[in-house]
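Participant: With my numbering applied, the sequence shown corresponds to residues 91 to 399, in that order.
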Amino acid sequence: MKPAPFGYHAPADLDEALALLAELGPDAKVLAGGQSLVPVLNMRLANPAHLVDLNRVPGLDHVTVEDDAVVVGALVRHAALLSHSAARTAQPLLRQALRWVAHPAIRNRGTTVGSIVHADPSGEMPAILAVTDGSVRLRSARGERVVPASEFFVGPMESCVADDEIAVEARFGRFPTGTRTGFTEIARRHGDYALAGVALAVQVEEAGDAGSSDATGGGRIRSARAGYVSVSEVPGVLDLTPVLGGASLDDVRDQRLADAVAEAVAAHVDPVDDIHASADYRRHLAVVQTQRLLSSLTGAAAPDQEVSA
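#1: Rounding to the nearest angstrom, what Cα-Cα distance links glutamine 181 and alanine 187 in this structure?
#2: Please tell me whether valine 377 and valine 355 are closer than 8 Å, where the distance is taken between their beta carbons.
#3: Mark glycine 336 as exposed unless 16 or more other C-beta atoms lie within 10 angstroms of its C-beta, in which case mark it buried.
#4: Look at the alpha carbon of alanine 100 and the alpha carbon of alanine 164, and state the distance between them as a whole number of angstroms.
#5: In terms of DSSP beta bridges, what is tyrosine 371 paired with?
#6: Alpha carbon to alpha carbon, how far is histidine 168 from arginine 197?
#7: Could you give the DSSP three-state label for glycine 245: helix, strand or coil?
#8: Pick out the complete beta strand (DSSP E) segments inside the region 103-176, 3 residues or longer, and give them in chain order.
#9: Are the beta-carbon atoms of proline 93 and aspartate 253 separated by less than 8 Å?
#10: Can you tell which of Met91, Phe242 and Leu347 has its C-alpha closest to the C-alpha of proline 332?
#11: Pick helix, strand or coil for proline 412, following the three-state DSSP scheme.
#12: Please name the residue, chosen from Thr274, Ala112, Val226 and Leu114, that lies closest to leucine 387 on a Cα-to-Cα basis.
#13: Measure the C-alpha to C-alpha separation of alanine 220 and leucine 114 and round it to an integer number of angstroms.
#14: Just tell me which of Ile276, Val324, Ser175 and Val162 has its CA closest to the CA of glycine 430.
#15: Consult DSSP for aspartate 253 and reduce its assignment to one of helix, strand or coil.
#16: So valine 359 packs on serine 322, CB below 8 Å; how close in whole Å?
#17: According to DSSP, simplified to helix, strand and coil, what is aspartate 344?
#18: Could you tell me whether the Cβ atoms of threonine 202 and alanine 260 are closer together than 8 Å?
#19: Taking alanine 284 as the reference, which of Ser126, Ser225, Val191 and Arg235 has the closest Cα?
#20: Considering only residues of the same chain and omitting the five flanking positions on each side of alanine 305, which have a CB-CB separation below 7 Å?
#21: Using 10 angstroms around the beta-carbon of glutamate 295, count the other beta-carbons present and answer buried if the total reaches 16, otherwise exposed.
#22: When the distance is taken between beta carbons, is glycine 281 closer than 8 Å to histidine 374?
#23: Can you give me the start and stop residues for the alpha helix (DSSP H) that histidine 208 sits inside?
#24: Report the rounded CA-to-CA distance for arginine 229 versus aspartate 344, giving the unit in angstroms.
#25: So, helix, strand or coil for leucine 384, using DSSP?
#26: In angstroms, rounded to a whole number, what distance separates the CA positions of alanine 139 and alanine 109?
#27: What residues in its chain sit with their C-beta under 6 Å from that of alanine 176, if we drop five residues either side in the sequence?
#28: Taking aspartate 210 as the reference, give the member of Arg278, Gly123 and Pro246 with the closest Cα.
#29: Taking the C-alpha atoms as reference points, what is the distance between serine 338 and leucine 183?
What follows is the structure in structure tokens.
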């Protein structure tokens, strides 16, 4: 299929792009990577009268590591962020999740901020923004605002970005030094939309930490939080600290604690039935993935564990 006719605009800078959006209003769509937008246009699920292409706008392709966040510009491709060593060290969840995003050809063109604005509950990056307590910086001809992840997503495939606004960057919060992180998902084929996925961040008192009282020399869990993919209308965060806080690493393997984690996850997620899987099956996957990933991150030799620096 082919998209309906539209006017094409290629602004040379951000001010010109913002002026165009202010003039065109709801008749315009912003184009960055296009890996979500173009298929929607081709299927005529959206018929904008104008496209405003940001790819000639300078200053939107930055990745900056700050003391409290990793800042990603609107034109940063998934592949570029995936290979950015400083971003990986500062926030390992970025790399861990980006490896699961679609296929290499799509990662080479698609943008991380665009994926967030698309607000697909099956997308990995909205969940990562949520679990890292991130935010999105929005610009318009009227001014600028920063929206936290908890307020950014308002429904499936729907964000709070106004018609005249551009999401110029996303900020992914950094965890305390030593936090163990991991991401996993289950799909029918690697790169397809996940049936369910989970991102996990666990802060553990390592041996020798002040206040550590674990006689085995392992450590105790200070905090734990999880974000989910494909099991709710908008990405949310499950704080597992009330369940896991103070537990030793050995306690995680206790069946009673595993059952408590399962109960918390099952109550938190809110999947729906669709042609790919039932709600009950998605809920089951979310529970099992959380338990397995938690066991992996708190084990002595976790194969896919990364630690925030």
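Yeah, the Cβ is synthetic: ideal placement off N, Cα and C, and Gly gets one too.
Facilitator: Taking the geometry as given:
#1: Residue 181 sits at position 91 when you count from the first residue of the sequence shown. Residue 187 sits at position 97 when you count from the first residue of the sequence shown. Straight-line Cα distance between these residues: approximately 11 Å.
#2: Mapped onto the sequence shown, residue 377 falls at position 287. Mapped onto the sequence shown, residue 355 falls at position 265. Taking 8 Å as the Cβ cut-off, valine 377 and valine 355 qualify as a contacting pair.
#3: The count along the sequence shown starts at 1 and reaches residue 336 at position 246. With fewer than 16 other Cβ atoms within 10 Å, it is exposed.
#4: In the sequence shown, residue 100 corresponds to position 10, counting from 1. In the sequence shown, residue 164 corresponds to position 74, counting from 1. Straight-line Cα distance between these residues: approximately 15 Å.
#5: For the purposes of this step, residue 371 is taken as residue 281 along the sequence shown, with counting starting at 1. By DSSP's assignment, tyrosine 371 forms no beta bridge with any residue.
#6: Locating residue 168 in the sequence shown gives position 78, where the first residue counts as 1. Locating residue 197 in the sequence shown gives position 107, where the first residue counts as 1. Roughly 5 Å separates the two Cα atoms.
#7: Taking the sequence shown and counting its residues from 1, one reaches residue 245 at position 155. Glycine 245 falls in the strand class under three-state DSSP.
#8: The region 103-176 contains, as complete beta strand (DSSP E) runs of 3+ residues, the segments 118-121, 140-143, 153-155 and 159-163 (chain order).
#9: Position 3 of the sequence shown, counting from 1, holds the residue named residue 93. Position 163 of the sequence shown, counting from 1, holds the residue named residue 253. No; because the gap between Cβ atoms is not below 8 Å, this pair is not in contact.
#10: As a position in the sequence shown, residue 332 is number 242, starting the count at 1. Ranking Met91, Phe242 and Leu347 by Cα distance to proline 332 puts Leu347 first.
#11: Nothing in the structure corresponds to residue 412, since the chain is present only between 91 and 399.
#12: Locating residue 387 in the sequence shown gives position 297, counting from the first residue. Measuring from the Cα of leucine 387, the nearest candidate turns out to be Thr274.
#13: Indexing the sequence shown from 1 puts residue 220 at position 130. Indexing the sequence shown from 1 puts residue 114 at position 24. Each residue's alpha carbon lies about 31 Å from the other.
#14: Because the chain spans 91 through 399 in this model, residue 430 falls outside it and cannot be assessed.
#15: Your numbering for residue 253 matches position 163 in the sequence shown. Correct three-state label for aspartate 253: coil.
#16: Here the question's residue 359 lines up with position 269 in the sequence shown. Here the question's residue 322 lines up with position 232 in the sequence shown. Between valine 359 and serine 322 the beta-carbon gap is near 6 Å, inside 8 Å, which marks them as a contact.
#17: Counting from one through the sequence shown, the residue named residue 344 turns up at place 254. Correct three-state label for aspartate 344: coil.
#18: Your numbering for residue 202 matches position 112 in the sequence shown. Your numbering for residue 260 matches position 170 in the sequence shown. Cβ atoms of threonine 202 and alanine 260: closer than 8 Å.
#19: As a working note, residue 284 is residue 194 in the sequence shown. Among Ser126, Ser225, Val191 and Arg235, the Cα nearest to that of alanine 284 belongs to Val191.
#20: If you number the sequence shown from 1, residue 305 lands on position 215. Unreliable positioning characterises alanine 305 in this predicted model, as indicated by a pLDDT of 41, which lies under 50. A coordinate reading is not provided.
#21: Counting from 1 along the sequence shown, the entry for residue 295 is found at position 205. Here glutamate 295 is buried. Its C-beta has 16 or more other C-beta atoms within 10 Å.
#22: Position 284 of the sequence shown, counting from 1, holds the residue named residue 374. Position 191 of the sequence shown, counting from 1, holds the residue named residue 281. Contact flag unset, no.
#23: Locating residue 208 in the sequence shown gives position 118, where the first residue counts as 1. Segment 202-208, the alpha helix (DSSP H) holding histidine 208.
#24: Taking the sequence shown and counting its residues from 1, the one referred to as residue 229 is at position 139. Taking the sequence shown and counting its residues from 1, the one referred to as residue 344 is at position 254. Cα-Cα distance, rounded: 49 Å.
#25: Translated into the one-based positions of the sequence shown, residue 384 becomes position 294. Of the three classes helix, strand and coil, the one that applies to leucine 384 here is helix, per DSSP.
#26: Here the question's residue 139 lines up with position 49 in the sequence shown. Here the question's residue 109 lines up with position 19 in the sequence shown. For alanine 139 and alanine 109, the distance between alpha carbons rounds to 16 Å.
#27: Locating residue 176 in the sequence shown gives position 86, where the first residue counts as 1. Take alanine 176, set aside five residues on each side of it, and the residues of its chain with a beta-carbon closer than 6 Å to its own are Val155, in chain order.
#28: Within the sequence shown, numbered from 1, the residue matching residue 210 stands at position 120. Relative to aspartate 210, the option among Arg278, Gly123 and Pro246 whose CA is nearest is Pro246.
#29: Sequence index remark: in the sequence shown, residue 338 carries index 248 (1-based). Sequence index remark: in the sequence shown, residue 183 carries index 93 (1-based). For serine 338 and leucine 183, the distance between alpha carbons rounds to 23 Å.
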